[in-house]
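Asker: Sharing a structure below in structure tokens format, with a few things to ask.
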Amino acid sequence: MGAATTIAVLRERASGEHRVSATPETVKKFIGLGAAVRVEAGAGLTASISDEAFAAAGAEIVADGAAAGADIVLGVQGPEPDLLAGAKPGAWVVASLDPFGQRGRVDAYAAGGFEALAMEFMPRITRAQSMDILSSQSNLAGYKAVIVAADLYGRAFPMMMTAAGTVSAAKVFVMGVGVAGLQAIATARRLGGQVSATDVRSATKEQIQSLGAKPIFVENVAGIEGEGAGGYATEMSPEYQAAQAELVSSHIAKQDIVITTALIPGRPAPRLITDAQIATMKPGSVIFDLAVASGGNVEGSVADQVVEKHGVKIVGYSNTATHLAADASALFSRNLFNFLSAFWDKEQGKPVLDEEIGNAIRLTQGGKVVNERLLG
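Note that this note's numbering has the sequence shown beginning at 207, numbered continuously upward.
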């Protein structure tokens with residue numbers, strides 16, 4: 207066996223990004239596999255992890271040039287190509303790479319001879335669940351959306367019976383019942399809200415009910431299965447969209463808080479709430495648009511700003527999970543470790559991908575862009 211595989215952990219440079227792609231926990235586990243781990247100084251500070259904690263776990267702390275000599279470079283968001291200077295030929299870049307939004311950077315990885323692995327392309331199959339960064343980060347995002355909305359909402363969340371009278375429970379409507387939506391429902395229920403939810407996938411009705419919320423669904427319109435490849439939602443028929451809009455319009459006017467979570471991979475987020483619908487809501491209501499970074503589900507939403515329209519506050523973060531940086535980093539870094547360790551070949555002392563997952567997440571190899579989703 208040759209020299210130990212070197213794993214580099216870079217400090218995130220993207221504006222507002224507070225997460226880190228490894229923790230002392232995962233550093234210890236990587237070293238346990240036989241790898242050497244190098245962490246860029248300050249990489250964990252915004253996630254409440256000191257350089258000393260990384261060093262105590264066995265990592266080498268370097269001030270700059272962390273990628274030099276690395277076989278594998280870890281990031282939360284894809285590092286700019288200049289940060290990969292000195293990495294070994296064919297080194298893996300393992301991160302959330304935003305392949306559709308950052309195509310130029312993907313091309314630069316190819317030109318640099320790197321093998322770029324997009325963690326957000328991880329297939330939604332049983333054996334890859336523990337590697338799925340979208341699920342782990344969406345879980346936290348769904349929770350945070352409700353907490354932020356509750357803070358902006360000028361009233362109490364649960365029903366309260368006092369000597370001075372009764373305070374009614376907040377009515378919460380969750381649109382889109384994926385991982386983020388389910389966590390939003392659960393969080394709103396924990397806070398004592400009266401919760402309802404909708405989704406284009408009829409199979410989610412039971413999930414909504416299992417969390418104690420009321421399903422709001424279009425009935426008797428063709429094309430409402432809404433199940434795309436890998437369990438993601440797909441675009442709906444015009445008839446369904448019209449029926450959905452009518453149903454939502456009548457329901458939304460009675461709500462205090464609305465959380466929208468609808469995303470379609472590789473495409474702009476679908477518009478779920480129009481300005482006209484916002485105008486029907488009660489003054490003081492709050493909408494949290496979890497899809498604001500992908501174009502937004504809500505007309506007029508602006509990333510990282512609270513916008514007030516018709517007396518309704520509309521908010522959405524471009525990066526919701528980073529607002530829970532410590533927990534988000536812990537989960538994200540475990541996803542990366544679970545992925546690399548699952549393919550770790552003890553004989554070779556490095557991970558070796560199989561075809562199913564390798565072909566799904568590999569963007570570049572041998573100086574070329576090779577992923578089918580980016581070709582053609």
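We treat Cβ as the ideally placed atom computed from N, Cα and C, and that holds for glycine.
Counting Cβ pairs closer than 8 Å, one from the region 512 to 524 and one from the region 539 to 552, do we hit at least three?
Answerer: Not touching, per the Cβ criterion.
Asker: In its own chain, which residues sit with a C-beta less than 6 Å from the C-beta of R579, not counting the 5 before and 5 after it?
Answerer: Closer than 6 Å at Cβ, skipping near neighbours: no residue.
Asker: Is it right to say G437 is buried, meaning 16 or more other beta carbons lie within 10 angstroms of its own, or is it exposed?
Answerer: Model confidence at G437 stands at a pLDDT of 49, short of 50, so the residue's coordinates are unreliable and nothing is read from them.
Asker: Is the Cβ-Cβ distance between A259 and I267 less than 7 Å?
Answerer: No; because the gap between Cβ atoms is not below 7 Å, this pair is not in contact.
Asker: Name the two residues that bound the continuous beta strand (DSSP E) containing L323.
Answerer: Residues 321 to 324.
Asker: For I339, is the classification buried or exposed, using 16 other Cβ atoms within 10 angstroms of its Cβ as the cut-off for buried?
Answerer: Answer is buried; the Cβ neighbour count reaches 16.
Asker: Under 6 Å Cβ to Cβ from V464, same chain only, skipping five residues before and after it: list those, please.
Answerer: The residues are F379, I493.
Asker: Specify the secondary structure class of F363 as computed by DSSP and reduced to three states.
Answerer: F363: coil per DSSP, three-state reduction.
Asker: Would you be able to state if there are at least three C-beta pairs under 8 Å between the region 499 to 506 and the region 471 to 483?
Answerer: They touch, by the three-pair rule.
Asker: Measure the alpha-carbon distance for A334 versus M328 and round it to whole angstroms.
Answerer: Those two C-alpha atoms are separated by around 7 Å.
Asker: What is the DSSP secondary structure of E246, counted as helix, strand or coil?
Answerer: In this structure, E246 counts as strand in the three-state DSSP scheme.
Asker: Assign D510 to one of three DSSP states: helix, strand, or coil.
Answerer: Of the three classes helix, strand and coil, the one that applies to D510 here is coil, per DSSP.
Asker: Please report the Cβ distance between E246 and L280, rounded to the nearest whole angstrom; I am assuming they are in contact, meaning their Cβ atoms lie under 8 Å.
Answerer: That pair is no contact at about 10 Å.
Asker: Can you tell me which of the three DSSP states G281 falls into?
Answerer: Three-state result, G281: strand.
Asker: Whole angstroms is fine: what's the gap from A241's alpha carbon to M325's?
Answerer: For A241 and M325, the distance between alpha carbons rounds to 20 Å.
Asker: Given 8 Å as the limit, is there contact between the region 483 to 491 and the region 506 to 519, that is, 3 or more CB pairs closer than that?
Answerer: Result yes; three or more Cβ-Cβ pairs closer than 8 Å.
Asker: Just tell me which of A265, G318, D462, D270 has its CA closest to the CA of P287.
Answerer: Taking only the C-alpha atoms, the option nearest P287 is G318.
Asker: May I ask which residues mark the beginning and end of the alpha helix (DSSP H) holding F494?
Answerer: Per DSSP, F494 belongs to no alpha helix (DSSP H); it is in the beta strand (DSSP E), 492 to 495.
Asker: By how many angstroms is the C-alpha of L453 removed from the C-alpha of I479?
Answerer: Answer to the nearest angstrom: the Cα atoms are 12 Å apart.
Asker: Under 6 Å Cβ to Cβ from P285, same chain only, skipping five residues before and after it: list those, please.
Answerer: Answer for P285: L216, listed in chain order.
Asker: Three or more C-beta pairs under 8 Å: does that hold for the region 247 to 257 against the region 565 to 575?
Answerer: The region 247 to 257, when compared against the region 565 to 575, does not touch it at the 8 Å Cβ threshold.
Asker: By a C-beta neighbour count over all protein chains shown, 10 Å radius and 16 as the cutoff for buried, is K574 buried or exposed?
Answerer: The residue in question, K574, is exposed, as its Cβ has fewer than 16 Cβ neighbours within 10 Å.
Asker: Return yes when the C-beta of A375 is under 6 Å from any heavy atom of the ligand FMN, and no when it is not.
Answerer: Among the components modelled here there is no ligand, and therefore nothing to report on the ligand FMN.
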